[in-house]
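These protein sequences, in sequence, are chains A and B.
When we follow my numbering, the leftmost residue of the first sequence carries the number 8, and every step to the right adds one.
When we follow my numbering, the leftmost residue of the second sequence carries the number 8, and every step to the right adds one.
Ideal Cβ positions, reconstructed from N, Cα and C, are used throughout, including at glycine.
Every value quoted in this text rests on a predicted model; they were computed, and no experiment measured them.
Protein chains: 2
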Amino acid sequence: MPINKLKTYYLSKNESQLLRSLHRKKERYSNNLFLIEGIKPVLEAVESNFTVKSIYISDHLSEHVKNEIFNLYSSNNINIIRESELRQISTMKTPEGVVATGEINLKIDISNNLKDLPGIYLWKINDPGNLGTIIRTASWYGIKNIFLSPDSVDPYNPKVVRATMGAFFHVNIHKDKAFDELYNDLKNQNVIFYSADLNGENPEMLQLKQNSILCFGSESHGTPEYILNKSDKILSIPKFGYGESLNLGISVGIILNSIINGSLKK
Amino acid sequence: MPINKLKTYYLSKNESQLLRSLHRKKERYSNNLFLIEGIKPVLEAVESNFTVKSIYISDHLSEHVKNEIFNLYSSNNINIIRESELRQISTMKTPEGVVATGEINLKIDISNNLKDLPGIYLWKINDPGNLGTIIRTASWYGIKNIFLSPDSVDPYNPKVVRATMGAFFHVNIHKDKAFDELYNDLKNQNVIFYSADLNGENPEMLQLKQNSILCFGSESHGTPEYILNKSDKILSIPKFGYGESLNLGISVGIILNSIINGSLKK
Chain A
8 MPINKLKTYY
18 LSKNESQLLR
28 SLHRKKERYS
38 NNLFLIEGIK
48 PVLEAVESNF
58 TVKSIYISDH
68 LSEHVKNEIF
78 NLYSSNNINI
88 IRESELRQIS
98 TMKTPEGVVA
108 TGEINLKIDI
118 SNNLKDLPGI
128 YLWKINDPGN
138 LGTIIRTASW
148 YGIKNIFLSP
158 DSVDPYNPKV
168 VRATMGAFFH
178 VNIHKDKAFD
188 ELYNDLKNQN
198 VIFYSADLNG
208 ENPEMLQLKQ
218 NSILCFGSES
228 HGTPEYILNK
238 SDKILSIPKF
248 GYGESLNLGI
258 SVGIILNSII
268 NGSLKK
Chain B
8 MPINKLKTYY
18 LSKNESQLLR
28 SLHRKKERYS
38 NNLFLIEGIK
48 PVLEAVESNF
58 TVKSIYISDH
68 LSEHVKNEIF
78 NLYSSNNINI
88 IRESELRQIS
98 TMKTPEGVVA
108 TGEINLKIDI
118 SNNLKDLPGI
128 YLWKINDPGN
138 LGTIIRTASW
148 YGIKNIFLSP
158 DSVDPYNPKV
168 VRATMGAFFH
178 VNIHKDKAFD
188 ELYNDLKNQN
198 VIFYSADLNG
208 ENPEMLQLKQ
218 NSILCFGSES
228 HGTPEYILNK
238 SDKILSIPKF
248 GYGESLNLGI
258 SVGIILNSII
268 NGSLKK
């Protein structure tokens, strides 16, 4: 059945409440669901290994885009709803006309699968836009695994998912991973730990090691001592002008480019 | 007179209205004033070449910080006001207790001062946080001049100033600069124009030329044809994984690092 034959319907009160409850972390985990917003992220999710439970499309969206989604999504859980209702379930001020729900997919252990390194460890990252941009950048450089310390922003926060521009569905995100736990899991398999901090080595001079983890502290507090102490090497981006620090996402991008792209000519 | 002898006073209705009006672009330019918010940005502004007109400090701020500001700022235009009033004049949800007004300082022409290159040209940048982060990053790499095309976000937007983390006061920002105008001003002085776009050269392979301008298009539209056509070289960050594009600030950071830091080992 082509999508233009689907009837526009009103969301039930219960369904609308459930969708709006997913704006909050607690409800996301109690329902094991998260929101995916926007045309491109929803298409990326449908084509990925994530399970997309339902898709909600505004009756204002063009037939062309409606059909693109319909052609890719094999489930029946596709619903044309009124624009006014879509605005209510969306977290965006000007939603793009598509919202979907996906199943939360918590990755726990990679210690049996070290071929998917290098990975990134982020300590107490709290800005959702920053995390989303880092995931997008990491994916560009072929990073498969991103580990988040406890007390980091929830990776299933809709702002994180959106800021990744679809890359969210191409990486594995491991949340609530204490550094010591990761270290103990991987160190006896000869994984190398690098940390970004002050007074370290210029990453442009570094050869990338496949079996490595790159650790980044928070923008306000840097990388904590207990992580630095266990690191094999400390990396610092040299300063050529003025400033106290770089934005965390920028630092991650520069270091990844230096050791992955820059190593082409080393 | 030490600052703890200054009396806390109520802002007049007129003064409060003027300060709040600076949240809007039109009023900033009609008054030739902009807001500087937060302890560090205000201290940086006071120590820079910018003219800081007045400083407003919350009565809740610690004596230590009050005295730090008072010791640096030689003018009499320093005012202790009530916290509730400071919240009204600030654009931040949780202001840091200090707001200042600075004089807008529009840089027009650098064609007589080419020693302050390389510079950056940004075409239709519209996100204030992104622009602020780019200014912060450019300053880290010693860039002195940043040019903005017409239809870019106002660089004196309080969100831009804040996101630069003080770097705002260390660079010259030239707004409303059409590319052709900049090109005509500088090309006959042998300035080289680089543009970031698809299908270009890897910036890691590039030697930085002092007398150059690096041009960046917008994240959604890329770099327009008329800029690419006049560029001496196109630069592209190679992709090693998955993604359609990188965030604009990340791209600027990676390219600056590649050609400035990376050229150390070329």
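Taking beta-carbon pairs under 9 Å, can you tell me which members of the segment 206 to 223 of chain B lie near chain A? Listed by position along the chain: N209, P210, E211 and M212.
Using 8 Å as the limit for Cβ to Cβ distance, is P157 (chain B) near chain A? Output row for P157 (chain B): interface = no.
Partners in chain A for F247 (chain B), counting only beta-carbon separations shorter than 8 Å: Within chain A, the residues near F247 (chain B) are W147, Y148, G149, I267 and N268.
Residues in the same chain with beta-carbon distance under 6 Å from H177 (chain A), minus the five sequence neighbours each way, listed in chain order, please. Here the set comprises S146.
Between A:R143, A:Y128, A:S37 and A:N21, which lies nearest to E51 (chain A) when the distance is taken from Cα to Cα? The option with the nearest alpha carbon to E51 (chain A) is A:R143.
Does any residue of chain B have a CB that is nearer than 8 Å to the CB of L129 (chain A)? No, L129 (chain A) does not count as interfacial toward chain B.
Alpha carbon to alpha carbon, how far is L26 (chain A) from N152 (chain A)? Give it in angstroms, no decimals. Cα to Cα, the separation comes out at about 28 Å.
If you follow the beta strand (DSSP E) that I244 (chain B) is part of, which residue opens it and which one closes it? It is not in any beta strand (DSSP E) - I244 (chain B) carries neither H nor E in the DSSP assignment.
My output table needs one value for G207 (chain A): the three-state DSSP class, helix, strand or coil. Residue state for G207 (chain A) is assigned as strand, using DSSP reduced to three classes.
Residues sharing a beta bridge with I43 (chain A), DSSP: I43 (chain A) has A:A107 as its beta-bridge partners, per DSSP.
The beta strand (DSSP E) with S37 (chain B) in it runs from where to where? For S37 (chain B), there is no enclosing beta strand (DSSP E); the enclosing alpha helix (DSSP H) covers residues K32 to N38.
Rounded C-alpha distance that separates K194 (chain B) from L29 (chain B): Between the C-alpha atoms of K194 (chain B) and L29 (chain B) there is a straight-line separation of about 37 Å.
Amino acids of chain B, ordered along the chain, whose beta-carbon sits closer than 9 Å to that of A52 (chain A): Against chain B, a Cβ distance below 9 Å from A52 (chain A) picks out nothing, because the smallest value is about 14 Å.
Cβ contact check for the segment 59 to 70 of chain A and the segment 182 to 197 of chain A: 3 or more pairs under 8 Å: Judged by pairs of C-beta atoms under 8 Å, the segment 59 to 70 of chain A does not touch the segment 182 to 197 of chain A, as fewer than three such pairs exist.
Measure the alpha-carbon distance for N46 (chain A) versus E103 (chain A) and round it to whole angstroms. The question names Asn, but residue 46 (chain A) is Ile in the sequence shown. Their Cα atoms are separated by approximately 7 Å.
Residues that A185 (chain A) contacts on chain B, provided the C-beta gap is smaller than 9 Å: For A185 (chain A), there are no neighbours in chain B by C-beta distance under 9 Å, as the nearest C-beta there is about 27 Å away.
Start-end ranges of the beta strand (DSSP E) lying completely within the segment 49 to 75 of chain A, minimum 3 residues: Correct list: 59 to 65.
For the 8 Å Cβ check, are there 3 or more pairs between the segment 92 to 103 of chain A and the segment 35 to 44 of chain A? Contact between the segment 92 to 103 of chain A and the segment 35 to 44 of chain A is present, because at least three Cβ pairs lie under 8 Å.
Using a C-beta cutoff of 8 Å, does I257 (chain B) count as contacting chain A? It does: the Cβ of I257 (chain B) has a partner Cβ on chain A nearer than 8 Å.
On a Cα-Cα basis, can you pick out the residue from A:Y249, A:R35 and A:E54 that is closest to M172 (chain B)? That would be A:Y249, whose Cα lies nearest to the Cα of M172 (chain B).
Can you check which of these residues, A:I244, A:S202 and A:D134, is closest to T230 (chain A) by C-alpha distance? Answer by Cα proximity: A:S202.
Can you give the Cα-Cα distance for P64 (chain B) and V49 (chain B), rounded to whole angstroms? The sequence shown places Ile at residue 64 (chain B), rather than the Pro named in the question. Straight-line Cα distance between these residues: approximately 11 Å.
From which residue to which residue does the alpha helix (DSSP H) around I88 (chain A) run? Counting along the chain, no alpha helix (DSSP H) covers I88 (chain A); the unbroken beta strand (DSSP E) around it starts and ends at I85 to I88.
Here's the rule I'm using: 16 or more other beta-carbon atoms within 10 Å means buried, otherwise exposed. How should E92 (chain B) be labelled? Of the other Cβ atoms in all chains shown, 16 or more fall within 10 Å of the Cβ of E92 (chain B); this residue is therefore buried.
Helix, strand or coil for L18 (chain B) per DSSP? In this structure, L18 (chain B) counts as coil in the three-state DSSP scheme.
Whole beta strand (DSSP E) elements within the segment 122 to 179 of chain A, 3-residue minimum: Entirely contained in the segment 122 to 179 of chain A, the beta strand (DSSP E) runs reaching 3 residues are, in chain order, 126 to 129 and 152 to 155.
Proximal residues, the segment 162 to 179 of chain A versus chain B, C-beta separation under 8 Å: Listed in sequence order: M172, G173, A174 and H177.
Sub-8 Å separation of G260 (chain B) and G260 (chain A) beta-carbons: Yes; because the gap between Cβ atoms is below 8 Å, this pair is in contact.
Which residues, in order along the segment 33 to 60 of chain B, keep a beta-carbon less than 9 Å from a beta-carbon of chain A? Those residues of the segment 33 to 60 of chain B that come within reach of chain A (Cβ to Cβ, closer than 9 Å) are K47.
Can you tell me which of the three DSSP states Y190 (chain B) falls into? In the three-state DSSP reduction, Y190 (chain B) falls in the helix class (H, G or I).
CB contact check: I261 (chain A) to chain B, cutoff 8 Å: It does; some Cβ of chain B falls within 8 Å.
Per DSSP, L221 (chain B) is paired with what? BP columns for L221 (chain B) point to B:I127 and B:Y201.
Using the Cα positions of F57 (chain A) and D183 (chain A), report the straight-line distance between them to the nearest angstrom. Counting only the Cα atoms, D183 (chain A) lies some 20 Å from F57 (chain A).
Nearest-angstrom beta carbon gap, I87 (chain A) and L13 (chain A) [assumed within contact, 8 Å]: About 5 Å; that satisfies the 8 Å criterion.
Please report the straight-line C-alpha distance between G109 (chain B) and K122 (chain B), rounded to a whole angstrom. Each residue's CA atom was taken as its position, placing G109 (chain B) and K122 (chain B) some 27 Å apart.
Which residues in chain A sit within 7 Å of G250 (chain B), going by Cβ to Cβ distance? Per Cβ cutoff of 7 Å: R143, S146, W147 and A174.
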